[in-house]
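Comments concern the structure below.
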Amino acid sequence: MQSKNAHSSSFRDPSGYIFTDNNTIKRVINPIYFKQYKALMSSGFFDSLIKNKLLISHTEVSNTDDEIIIEPEQISFITYPYEWSFNMYKEAALLTLKIQKYSLEHGFSLKDASAFNVTFYKGKAVFIDTLSFDFYTENSPWRAYKQFITHFFGPLLLASYHGSQQLKLLSNFIDGIPVKMVSSMLPSKTKLSPLLYTNIHLLAKLEDKHNEDYEGKTKTATLSKKGQLNIIMSLYDYIKKLELKETSEWGNYYNKTNYTDSAFKTKATVINNWISEIKPSNLIDIGGNDGTFVRQINYPYTESLVCDIDNNAVDFNYKTIKRNKEDRMLPFVLDVLNPSAAIGLNSKERSSFLERMASYSPDVTLALAVIHHMSLSGNVPFKESAKFFASFSKYLIIEFPKRNDSWVQRLLKSKADFEDYFGFYTIENFESAYSELFVVKEKIHIEDSDRVMYLLETKN
Amino acid sequence: MHFLYFDPGLGAMIIQAIIAAVAGFILFSKNVMYKIKLLLGLAKEDKDDVFDDIEIKDSDVENKN
Numbered sequence: 158m159q160s161k162n163a164h165s166s167s168f169r170d171p172s173g174y175i176f177t178d179n180n181t182i183k184r185v186i187n188p189i190y191f192k193q194y195k196a197l198m199s200s201g202f203f204d205s206l207i208k209n210k211l212l213i214s215h216t217e218v219s220n221t222d223d224e225i226i227i228e229p230e231q232i233s234f235i236t237y238p239y240e241w242s243f244n245m246y247k248e249a250a251l252l253t254l255k256i257q258k259y260s261l262e263h264g265f266s267l268k269d270a271s272a273f274n275v276t277f278y279k280g281k282a283v284f285i286d287t288l289s290f291d292f293y294t295e296n297s298p299w300r301a302y303k304q305f306i307t308h309f310f311g312p313l314l315l316a317s318y319h320g321s322q323q324l325k326l327l328s329n330f331i332d333g334i335p336v337k338m339v340s341s342m343l344p345s346k347t348k349l350s351p352l353l354y355t356n357i358h359l360l361a362k363l364e365d366k367h368n369e370d371y372e373g374k375t376k377t378a379t380l381s382k383k384g385q386l387n388i389i390m391s392l393y394d395y396i397k398k399l400e401l402k403e404t405s406e407w408g409n410y411y412n413k414t415n416y417t418d419s420a421f422k423t424k425a426t427v428i429n430n431w432i433s434e435i436k437p438s439n440l441i442d443i444g445g446n447d448g449t450f451v452r453q454i455n456y457p458y459t460e461s462l463v464c465d466i467d468n469n470a471v472d473f474n475y476k477t478i479k480r481n482k483e484d485r486m487l488p489f490v491l492d493v494l495n496p497s498a499a500i501g502l503n504s505k506e507r508s509s510f511l512e513r514m515a516s517y518s519p520d521v522t523l524a525l526a527v528i529h530h531m532s533l534s535g536n537v538p539f540k541e542s543a544k545f546f547a548s549f550s551k552y553l554i555i556e557f558p559k560r561n562d563s564w565v566q567r568l569l570k571s572k573a574d575f576e577d578y579f580g581f582y583t584i585e586n587f588e589s590a591y592s593e594l595f596v597v598k599e600k601i602h603i604e605d606s607d608r609v610m611y612l613l614e615t616k617n
Numbered sequence: 004m005h006f007l008y009f010d011p012g013l014g015a016m017i018i019q020a021i022i023a024a025v026a027g028f029i030l031f032s033k034n035v036m037y038k039i040k041l042l043l044g045l046a047k048e049d050k051d052d053v054f055d056d057i058e059i060k061d062s063d064v065e066n067k068n
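Taken in sequence, the protein lines are chains U and H. Sequential numbering of the first sequence, starting at 158, is according to the working numbering. Sequential numbering of the second sequence, starting at 4, is according to the working numbering.
What follows is the structure in structure tokens.
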């Protein structure tokens with residue numbers, strides 16, 4: 158059935174598959190799904206979701222008796238659930254519920270509720286699996302209900318109670334966090350909440366019980382549409398109000414840095430001058446915190462990726478994007494010492510951060526106030542961090558805090574007896590290691606600070 | 004017709020009736036509470052709310068305007 162070279166992530170759903178044609182993502186629809194697809198198109202259902210920017214738009218490329226090929230609007234960089242901040246995750250969950258409610262009201266139903274069906278594009282969560290819809294059968298329960306719990310509700314609850322780091326769990330549990338596990342990890346007081354008791358604890362219990370039913374003797378369940386809508390709306394209300402019970406270490410980063418106002422302005426001016434020389438269409442800021450410096454850029458670039466290790470900083474950035482209705486910045490969580498790996502079937506289903514970065518190929522990389530964390534907290538030699546950054550883009554704007562910088566001193570002090578081991582952390586060693594792979598185009602010392610800005614260009 | 008390519012969980016299918024009943028009760032009591040608060044002038048808008056309501060506008064309705 159898969160005559161074209163299907164994308165390595167597209168094998169679960171027999172309705173169709175995606176493939177790459179000259180770097181363009183396209184989708185084949187198999188005859189088994191023609192009836193649904195035609196109904197979704199002709200009823201104006203797709204149209205309405207697309208107009209509301211909830212579903213990615215597409216155009217029909219060809220239409221024969223054997224297959225229909227559609228070309229979705231291309232998304233330049235796909236982020237995965239384990240790279241989202243808490244509120245991004247929340248928005249993806251709410252989007253899924255919103256779409257399911259709308260589907261039910263129009264005679265359809267989501268046949269799956271995978272978190273990988275959603276990604277972020279132009280400052281919003283958007284549903285990207287066009288073939289996830291099926292006809293609603295009267296009085297049938299939601300088949301994707303459990304998947305919604307394991308992919309969305311479970312991880313969000315764990316994050317709310319135990320911190321946003323929990324959201325990374327999905328990189329190990331590609332088909333969602335098992336309900337039993339969620340149930341065991343939640344505090345026992347959650348059993349007193351009728352909503353949490355039924356949706357998590359009771360579900361875990363019943364799942365366990367029916368696991369033994371190998372013969373499938375249990376009669377099929379029924380549920381009225383009103384009943385299903387109640388589940389969806391109660392989950393929507395609950396998730397919308399869900400908050401993290403932790404505060405950020407980095408949240409107020411810019412209040413406690415060693416930048417005076419004038420140094421901050423100089424740094425922004427230096428970056429702005431370089432960016433307007435490079436004229437990038439896309440850029441990435443590694444360790445971009447809450448996007449403060451990218452927002453200082455005046456040059457009209459098309460898109461920026463702003464990543465940070467701290468979920469809360471990314472979350473703060475995301476909320477700013479939502480409030481300002483910005484549409485060219487994509488924030489996500491990235492640990493430079495452990496960037497997202499390739500996972501899933503054949504380790505190819507979800508590609509690694511570096512693979513996605515290679516095909517995204519930004520025009521310039523910003524690494525502001527990151528190198529001391531990599532070198533001193535992560536023990537990464539300059540040679541290795543240079544290699545890491547050189548793989549990203551032609552230009553690198555990097556900030557080097559000198560040994561006297563208060564933040565560097567703080568990191569060094571925390572090493573106690575091993576402080577001498579970090580004698581390598583000098584500007585001379587930095588320059589000589591980076592000169593192996595880069596040419597220094599410009600170097601500017603930021604007045605009123607112990608920091609130096611470099612504009613580097615990769616050799617060859 | 005459903006193409007079921009993942010396990011929906013038998014327990015999860017059966018339990019939905021119970022969850023729905025509880026959800027109905029939660030929604031109902033919330034509504035009542037809201038109305039009481041409204042009467043007492045205690046209901047307040049969340050200004051920091053960046054997320055929309057669950058309702059989706061029908062494009063047909065939009066076109067008629």
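Where a beta carbon is used, it is the ideal one built from N, C-alpha and C, also for glycine.
Its chain contains Lys337 as the residues whose beta carbon lies nearer than 7 Å to that of Asp365 (chain U), once the 5 sequence neighbours on both sides are disregarded; these appear in chain order. For Trp299 (chain U), the closest Cβ of chain H is nearer than 8 Å.
Residue contact with chain U for Leu45 (chain H): absent (no Cβ-Cβ distance below 8 Å to any residue of chain U).
Annotation: the continuous alpha helix (DSSP H) that includes Glu585 (chain U) extends over 584–592.
Annotation: Phe473 (chain U) is outside any beta strand (DSSP E); the continuous alpha helix (DSSP H) that includes it extends over 468–481. Of U:Leu313, U:Gly333, U:Tyr293, the smallest CA-CA separation from Lys303 (chain U) is found for U:Gly333. Secondary structure of Asp204 (chain U) (DSSP, three-state): helix.
Using beta-carbon distances, Met342 (chain U) does not count as an interface residue toward chain H, since no partner is under 8 Å. For Ser391 (chain U), the nearest CB of chain H lies under 8 Å from its own CB, placing it at the interface with that chain. At least 8 Å separates the beta-carbon of Phe557 (chain U) from that of Tyr475 (chain U).
The beta carbon of Asp286 (chain U) sits closer than 6 Å to those of Asn274, all from its chain and outside the five residues before and after it, given in chain order. For Ile182 (chain U), the enclosing beta strand (DSSP E) begins and ends at 181–186. Under the three-state reduction of DSSP, Asn274 (chain U) is assigned to helix. Rounded to the nearest whole angstrom, the CA to CA distance from Phe489 (chain U) to Ala378 (chain U) is 40 Å.
When C-beta distances to chain U are compared with 8 Å, the residues of the segment 31–45 of chain H below that value are Lys33, in chain order. Judged by DSSP secondary structure, Leu315 (chain U) falls within the alpha helix (DSSP H) whose first and last residues are 311–319. A buried status is given to Asn439 (chain U), since no fewer than 16 other beta-carbon atoms sit within 10 Å of its beta-carbon. For the segment 347–370 of chain U, the set of positions with a beta-carbon nearer than 9 Å to some beta-carbon of chain H reads Pro351, Leu352, Tyr354, Thr355, Asn356, Leu359, Leu360, Ala361, Lys362, Leu363, Glu364, Asp365, Lys366, His367, Asn368, Asp370 in chain order. Within the DSSP secondary-structure output, Val25 (chain H) pairs in no beta bridge. Sequence-ordered contacts of the segment 477–504 of chain U with chain H read Lys479, Arg480 [C-beta pairs closer than 8 Å]. In the three-state reduction of the DSSP assignment, Ile334 (chain U) falls in the coil class. Look at Lys33 (chain H) here: in three-state DSSP terms it is helix. By the Cβ-count criterion, Met16 (chain H) is buried, with 16 or more other Cβ atoms from all chains shown falling within 10 Å of its own Cβ.
The beta carbons of Lys258 (chain U) and Ile57 (chain H) sit closer together than 8 Å. Contact between Phe539 (chain U) and Tyr456 (chain U) fails: their C-beta atoms lie close to 29 Å from each other, not under 8 Å. Taking 8 Å as the upper bound for CB-CB distance, Ile226 (chain U) and Ser219 (chain U) are in contact here, some 5 Å apart. Separation of Ser289 (chain U) and Val537 (chain U) (C-alpha to C-alpha, rounded to the nearest whole angstrom) is 44 Å. Around Thr177 (chain U), the same chain offers Asn162, His164, Lys183 as residues with beta carbons nearer than 8 Å, after the five sequence neighbours per side are excluded.
Listed as beta-bridge partners of Lys281 (chain U) by DSSP are U:Tyr278. Membership of Asp365 (chain U) in any beta strand (DSSP E) is not indicated; the residue belongs instead to the alpha helix (DSSP H) covering 360–367. Secondary structure of Ser266 (chain U) (DSSP, three-state): strand. With a cut-off of 8 Å on Cβ pairs, the segment 310–317 of chain U is not in contact with the segment 28–39 of chain H, counting fewer than three such pairs. Gly384 (chain U) belongs to the set of residues whose beta carbon lies under 8 Å from a beta carbon in chain H.
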